[in-house]
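Those letters in the sequence shown? Residues 1 to 67, per the working numbering, in order.
Data first, discussion second: the structure below is written as structure tokens.
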Amino acid sequence: MNKILKFVYEMILFLSLFHLAREVHDVAHTDIPCEPDADCPKSLHEYFEMKCIDKKCEWSRKTSLIP
């Protein structure tokens with residue numbers, strides 16, 4: 001009985017982490033169409049910005065912060 005409860009608990013934990021990882025991935029990839037980078041919304045984030053990649057706006061790390 002204890003092993004079954006532990007297994008169920010582990011499965012719930014694993015599935016919730018999997019769901020969270022999928023949600024984070026969906027946030028990084030938007031469906032906003034673009035041609036130049038100027039078509040993407042402006043970001044107020046300190047380390048990331050929206051860039052036009054494969055004709056879609058996606059989050060990317062600001063190149064000015066890379067040493």
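Glycine included, every Cβ here is placed at the ideal spot set by N, Cα and C.
This one's a predicted model, so the numbers in the text were calculated from it and none came from an experiment.
Taking buried to mean at least 16 other C-beta atoms within 10 Å of its own C-beta, is residue i buried or exposed?
i: Met50; result: buried
Rank the options by C-alpha distance to the C-alpha of residue i and give the top, closest one.
i: Glu35; options: Phe18, Lys3, Asp54; result: Asp54
i: Asp37; options: Met11, Cys52, Lys56, Ala21; result: Cys52
i: Glu46; options: Trp59, Asp31, Ala21; result: Trp59
Please say whether residue j and residue i have beta carbons closer to each other than 8 Å?
i: Ile69; j: Lys3; result: Residue numbering for the chain in the displayed model covers 1 to 67; residue 69 lies beyond these limits and cannot be assessed.
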